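Chains as they are written, first to last, in the UniProt record's numbering: chain A, 1 to 257; chain B, 1 to 80.
Shown next, in the form of structure tokens:
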């Protein structure tokens, strides 16, 4: 019975999805409903209305900004869930036991030389990744990229800094409580941009009503930039939160306890 | 036609990588091969004309591989 019931459920779900597949429009069909109304509108008006050359960013952050707000919130909630599940400080005897990793020695007894000095190479790579992340963040409406990619790159820099050279004191350390709070701050920046638009007399996330003395199109660019900064901070904090959650459970060979 | 051939080759490579991931016993090999999976998916996105998604795929593929390898340090590398 315990094996039959899931099987029946799987068959029902598969059947339901195959039945509903018929109602969906074919991929690339030029006469389907979305391709005759919304797509044409976006292609014609996106650049002139939102002042963004990258149409993907225009749709994601301007036309569909309310969707993206909840996607950012989902990222934040995922980070909180990871911390709640993984970082619960299990008893030492209940922790996962780690294997002893023996140090590599060459077969003929000669010492093994390190060909790459990682303490020099990694600090050289990190600024370039961060510079690229900032470029991606600020040029999101012109070239590819945007808040999500910039946040992921920034989080990758933190992972490199913590994982590759663990003994070095890094400039910014984010423990799990601070990184979770930072994710909330990123989401808050996003919502605050929408509320600022309401303060200027518009509806939620209507960038043309931002209370700053600028041209209407420049207001669009500024609003998109503010929103993408919020998304980048939230994504970076979520990646660091997942890293912190895994680090609570992982033992490394050079751990003291 | 050549674009279709390119897509076909990439999709066949995806199937081959999936078979390696399913049937390999060494989890480290599986993780690294899974990184190659996301790499080829990135090429597919570029061929299909979505560089934005390809960029996201490249970054997230690297980060998820780092997480997998961190977790692999704690469990047995070979599965029964």
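Where a beta carbon is used, it is the ideal one built from N, C-alpha and C, also for glycine. These figures come from a predicted structure and were not determined experimentally.
Item                                                                                                                                             : Value
Chain A contacts made by the stretch 40-62 of chain B, where a contact means CB separation under 7 Å                                             : 51, 52, 55, 56, 59, 60 and 62
Three CB pairs or more closer than 8 Å across the stretch 13-31 of chain B and the stretch 191-198 of chain A                                    : no
Contact the stretch 53-65 of chain B vs the stretch 140-152 of chain A: 3+ CB pairs below 8 Å                                                    : yes
Given 8 Å, three or more beta-carbon pairs between the stretch 231-247 of chain A and the stretch 5-15 of chain B                                : no
Beta-carbon spacing of residue 220 of chain A, residue 117 of chain A below 7 Å                                                                  : no
Beta carbon proximity, residue 69 of chain B to chain A, threshold 7 Å                                                                           : no
Nearest-angstrom Cα separation, counted from residue 236 of chain A out to residue 42 of chain B                                                 : 21 Å
For residue 42 of chain A and residue 59 of chain A, believed in contact at Cβ under 8 Å, the rounded distance                                   : 6 Å
Below-7 Å beta-carbon distance, residue 145 of chain A vs any chain B residue                                                                    : yes
Cβ-Cβ distance between residue 56 of chain A and residue 224 of chain A below 7 Å                                                                : no
Interfacial residues, the stretch 230-252 of chain A to chain B, with Cβ spacing under 9 Å                                                       : 239, 242, 243, 246, 247, 249, 250, 251 and 252
Cα-Cα separation, residue 79 of chain B to residue 242 of chain A                                                                                : 25 Å
Neighbouring residues, chain A, relative to residue 78 of chain B (Cβ below 7 Å)                                                                 : Near residue 78 of chain B there are no residues of chain A at all, since even the closest Cβ is about 11 Å away, more than 7 Å.
Per-residue burial, residue 3 of chain A [other beta carbons within 10 Å of its own, 16 or more giving buried]                                   : exposed
Alpha-carbon to alpha-carbon, residue 39 of chain B and residue 2 of chain B                                                                     : 21 Å
Residue 193 of chain A vs residue 226 of chain A beta-carbon contact at 7 Å                                                                      : yes
Min CB distance residue 66 of chain B to chain A below 7 Å                                                                                       : yes
Sheet register partners of residue 78 of chain B (DSSP bridge)                                                                                   : B:26
Option in A:144, A:86 and A:33 with minimal Cα separation from residue 176 of chain A                                                            : A:86
N-terminal and C-terminal residue of the alpha helix (DSSP H) that residue 37 of chain A is part of                                              : No alpha helix (DSSP H) contains residue 37 of chain A, which DSSP labels as neither H nor E.
Within chain B, the residues that residue 23 of chain A reaches when beta carbons sit closer than 9 Å                                            : Per Cβ cutoff of 9 Å: no residues; residue 23 of chain A is ~24 Å from chain B at best.
Contact belief for residue 55 of chain B with residue 31 of chain B at Cβ below 8 Å, rounded distance in angstroms                               : That pair is no contact at about 22 Å.
Neighbouring residues, chain B, relative to residue 159 of chain A (Cβ below 8 Å)                                                                : 63 and 66
8 Å Cβ shell around residue 77 of chain B - same chain, five flanking residues per side excluded                                                 : 26, 27 and 28
Assigned secondary structure, residue 3 of chain A (DSSP; H/G/I helix, E/B strand, else coil)                                                    : coil
Contiguous alpha helix (DSSP H) assignments of at least 4 residues, all confined to the UniProt domain "MrpA C-terminal/MbhD" (13-76) of chain B : 27-47 and 51-72
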